[in-house]
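Reviewing the structure listed below.
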Ligand SMILES: Nc1nc2c(ncn2[C@@H]2O[C@H](COP(=O)(O)OP(=O)(O)OP(=O)(O)O)[C@@H](O)[C@H]2O)c(=O)[nH]1
Ligand SMILES: [Mg+2]
């Protein structure tokens, strides 16, 4: 055989069952994996070549049932129905079979070509659980393949089964579970009515549709309501509701779920033997501390504080080392380049601009490592539990906490992560708080300013204070929104707490490396581009008058009869003075001057104003712009940006604080605004929001600046 | 009685789930149907939400959601609660004896 055959495989399963881990193991992709429900929110495709087959694998968001409610859960159902994958692999958590098999039953009802991947076999073995696979296969009618996605075990076996199923070499018996007689009667009746509706198409699965109608499934309703047969179906549904109420004192929806539970429970009794467990596990003991009524909140704050402390304290020496390297670089490169434009663009532009951003690499990597440890350990869902009441007071939700923590890394995935929330108003309110959760890109600004103007012991606290301010303003914004425009029902908080898991060493290292590469890429592309633009904007146009003034001045100094050292010093001063005036004459200078009246009350001069505008591209650009603009016309040979800022008369402690507050609060970067628009669905609220944050930032910086002037 | 009236460490069996439709659906998907046995493990530091254990899983839900779940109180035979007393008595972590 020379031609490859194509197979499409969909990975479906409960949240946190390990679908993305399996996807990554199969395709070599790097989808996000985390130990809490609701990590994946969009479908992702990847492929692999295996034994002459091209297997396309689709990772889907986790779902507890096929009558889904939150936007990301609907993705799974739509994909299975509309795209009709060749094989559906149902990933189930071996240690949590009873709940996971509930979805398996529902997939059986859909009569898809189903294969069950029994994941986390390593944990199953460790816990001494024994599962009778043959018997389970008998009951469910589809093959069950034990795997361990994390340890890459059983993958080939799974792929062989996928091929066999797609070629029809394995028979999927499509067992049906039998519901209570009243339900069965109603199903038969409705299915018969549906089968008479010719427009519904011959391929439709009437039994399944009937079950969904009985389950009050909104999508099924809208599908069937279009047809005239609906009138009769509605009567049949009402009759079923009456019957169930009379005989079981409940409704069909609950009865169907109960029947499924009974089926799964029976299967568990027959096939799964758990050791007579000692009563509590390690997880339970950790929880006894972490979720403790007294210790819970202190532990929560300690964890968050520890991450920041780690980021700053551990990052500091590494940052200084990088700064040293860049300093050395610019000093050794400068003499090699011809004096003038070329030297200026390399030394003032590329090295100062990009270098000023790259030095923060260690801090960024540490921050992300801390966050990914939180995600992988299983603490995230617990933190949501501990903090829910506080969040609820502000009109938010414990679950809002997960996107908010993600927001400390980057707003974009955080805004997308809100898709796990069902209530639209809660979701919007959470989206609007995320930009206040200071993202990793703003970190360089704080490290720079706090490091330059505060003693080391204070610097970390100043930064912690900035983060706290962000949280407070964010919560306050949420409350404002919820009590005005977003009044409505709130989100349910029913949630599962996953067992604690150790993040694997390799995954932590891998994550760190990936973040480092991404950061450097950003520095090498977006930030480098911005730096060059800014260099051009702040060097052109050049004033002829100033050039002649410089020439004249030089001639005068050369001609004077002072000592050579003094001459050199005078020359340097003159050059710096003229450079500074050239800067004011340039495009950047002139537009900055236009802006200045607006930001003067905050303690910012026009150079800071320019940095804030360019910072809309990406927040690191604030630092690189400061690096470029402030190194123009610099007299000292020290190229460390913090030293330059300290020596500049435009900067003081008060300015530094005010600037940190402004950067914390003002409009997020363009990419984040774009994602926000996509998730909110319209420009108007986003623009309104941007105006709001700008106003908040202005007022908060103003207050900070004035108070700092009074006290410092 | 209601699930929200159970105290930490008490057990119950679900007799009816009557919350608002969306929440009810989610509760049932997670295994809280009639007949399910559960144990209230603890309350969050500020008294809400509640953590329960059922079918070997840990679930959390808010008090107002727990109000919709009717339960019969059961005798406590075996508790999942980790207690320091049992640790001191030489409790073996996780593994079967
Ligand atoms: N011990 C063990 N852990 C695993 C295995 N597979 C996945 N995990 C862990 O299970 C957790 C969830 O994995 P994910 O791949 O993110 O789960 P998911 O199904 O994609 O979750 P959602 O995207 O939230 O639906 C992570 O902490 C994984 O490290 C396995 O085979 N063994
Ligand atoms: Mg996933």
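Residue numbers (the working numbering), protein chains in the order written: chain A, 3 to 714; chain B, 2 to 98. The beta carbon of each residue, even a glycine, is placed where N, CA and C say it ideally should be. Every value quoted in this text rests on a predicted model; they were computed, and no experiment measured them.
Per DSSP, the bridge partner or partners of residue i
{"i": "residue 46 of chain A", "result": "A/61"}
{"i": "residue 443 of chain A", "result": "According to DSSP, residue 443 of chain A bridges with nothing at all."}
{"i": "residue 40 of chain B", "result": "B/12, B/54"}
{"i": "residue 121 of chain A", "result": "A/95"}
{"i": "residue 497 of chain A", "result": "B/61"}
{"i": "residue 146 of chain A", "result": "A/118"}
{"i": "residue 51 of chain A", "result": "A/56"}
{"i": "residue 275 of chain A", "result": "A/132"}
{"i": "residue 155 of chain A", "result": "A/150"}
{"i": "residue 3 of chain B", "result": "B/71"}
{"i": "residue 89 of chain A", "result": "A/11"}
{"i": "residue 18 of chain B", "result": "B/70"}
Where the alpha helix (DSSP H) through residue i begins and ends
{"i": "residue 246 of chain A", "result": "232-250"}
{"i": "residue 134 of chain A", "result": "No alpha helix (DSSP H) holds residue 134 of chain A; DSSP gives it neither H nor E."}
{"i": "residue 310 of chain A", "result": "298-311"}
{"i": "residue 72 of chain B", "result": "Premise fails: residue 72 of chain B lies in the beta strand (DSSP E), 70-75, not in any alpha helix (DSSP H)."}
{"i": "residue 583 of chain A", "result": "566-587"}
{"i": "residue 466 of chain A", "result": "458-485"}
{"i": "residue 25 of chain A", "result": "21-29"}
{"i": "residue 434 of chain A", "result": "426-435"}
{"i": "residue 408 of chain A", "result": "403-411"}
{"i": "residue 76 of chain A", "result": "73-80"}
{"i": "residue 534 of chain A", "result": "530-541"}
Interface partners of residue i on chain A, CB under 7 Å
{"i": "residue 53 of chain B", "result": "Simply none; closest approach about 10 Å."}
{"i": "residue 41 of chain B", "result": "Chain A residues near residue 41 of chain B: none, gap ~13 Å exceeds 7 Å."}
CA-to-CA distance, residue j to residue i, given in whole angstroms
{"i": "residue 506 of chain A", "j": "residue 36 of chain A", "result": "12 Å"}
{"i": "residue 543 of chain A", "j": "residue 632 of chain A", "result": "18 Å"}
{"i": "residue 138 of chain A", "j": "residue 146 of chain A", "result": "8 Å"}
{"i": "residue 43 of chain A", "j": "residue 63 of chain A", "result": "5 Å"}
{"i": "residue 250 of chain A", "j": "residue 388 of chain A", "result": "38 Å"}
{"i": "residue 688 of chain A", "j": "residue 395 of chain A", "result": "24 Å"}
{"i": "residue 708 of chain A", "j": "residue 669 of chain A", "result": "22 Å"}
{"i": "residue 62 of chain B", "j": "residue 589 of chain A", "result": "58 Å"}
{"i": "residue 353 of chain A", "j": "residue 530 of chain A", "result": "10 Å"}
{"i": "residue 475 of chain A", "j": "residue 696 of chain A", "result": "13 Å"}
{"i": "residue 2 of chain A", "j": "residue 673 of chain A", "result": "No answer is possible for residue 2 of chain A: it lies beyond the span of chain A, which begins at 3 and ends at 714."}
{"i": "residue 715 of chain A", "j": "residue 551 of chain A", "result": "Past the boundaries of the shown model lies residue 715 of chain A; chain A is included only from 3 to 714, so the question cannot be answered."}
{"i": "residue 90 of chain A", "j": "residue 22 of chain B", "result": "29 Å"}
{"i": "residue 14 of chain A", "j": "residue 328 of chain A", "result": "49 Å"}
{"i": "residue 704 of chain A", "j": "residue 25 of chain A", "result": "50 Å"}
{"i": "residue 469 of chain A", "j": "residue 196 of chain A", "result": "58 Å"}
{"i": "residue 428 of chain A", "j": "residue 397 of chain A", "result": "8 Å"}
{"i": "residue 183 of chain A", "j": "residue 189 of chain A", "result": "10 Å"}
{"i": "residue 536 of chain A", "j": "residue 614 of chain A", "result": "12 Å"}
{"i": "residue 47 of chain B", "j": "residue 297 of chain A", "result": "11 Å"}
{"i": "residue 3 of chain A", "j": "residue 55 of chain A", "result": "Residue confidence is low: residue 3 of chain A scores 49 on pLDDT, short of 50, so the model does not pin down where it sits. Its coordinate-derived value is still stated next. About 11 Å."}
{"i": "residue 483 of chain A", "j": "residue 433 of chain A", "result": "11 Å"}
{"i": "residue 660 of chain A", "j": "residue 610 of chain A", "result": "11 Å"}
{"i": "residue 288 of chain A", "j": "residue 57 of chain B", "result": "17 Å"}
Distance cut-off 8 Å: residue i Cβ against heavy atoms of ligand 4
{"i": "residue 44 of chain A", "result": "No copy of ligand 4 occurs in the structure displayed; its ligands are ligand 1 and ligand 2 alone."}
Neighbour list for residue i in chain B, Cβ cutoff strictly below 8 Å
{"i": "residue 107 of chain A", "result": "Result: empty, since nearest Cβ-Cβ is about 12 Å, beyond 8 Å."}
{"i": "residue 66 of chain A", "result": "27, 30, 31"}
{"i": "residue 104 of chain A", "result": "30, 32"}
Span of the beta strand (DSSP E) around residue i
{"i": "residue 8 of chain A", "result": "7-15"}
{"i": "residue 291 of chain A", "result": "From DSSP, residue 291 of chain A is part of no beta strand (DSSP E) but of the alpha helix (DSSP H) over 284-292."}
Under 9 Å from the C-beta of residue i: neighbouring residues of chain A
{"i": "residue 66 of chain B", "result": "494, 495, 496"}
{"i": "residue 70 of chain B", "result": "The contacting residues do not exist; residue 70 of chain B stays about 11 Å from chain A at best."}
Amino acids of chain B, ordered along the chain, whose beta-carbon sits closer than 9 Å to that of residue i
{"i": "residue 390 of chain A", "result": "45, 47, 49, 50, 61, 63"}
{"i": "residue 382 of chain A", "result": "Correct list: empty, because the minimum Cβ distance to chain B is about 13 Å."}
{"i": "residue 100 of chain A", "result": "32, 56, 57, 58"}
{"i": "residue 499 of chain A", "result": "52, 58, 59, 60, 61"}
Closer than 7 Å at the beta carbon, the chain B residues around residue i
{"i": "residue 299 of chain A", "result": "46"}
{"i": "residue 421 of chain A", "result": "None at all; the shortest Cβ gap to chain B is about 16 Å."}
Chain-ordered chain A contacts of residue i [CB-CB under 8 Å]
{"i": "residue 23 of chain B", "result": "71, 424, 494"}
{"i": "residue 35 of chain B", "result": "252, 256, 260"}
{"i": "residue 18 of chain B", "result": "256"}
Test: residue i CB closer than 9 Å to a CB of chain C
{"i": "residue 296 of chain A", "result": "Annotation note: the requested chain C is absent from the structure, which comprises protein chains A and B."}
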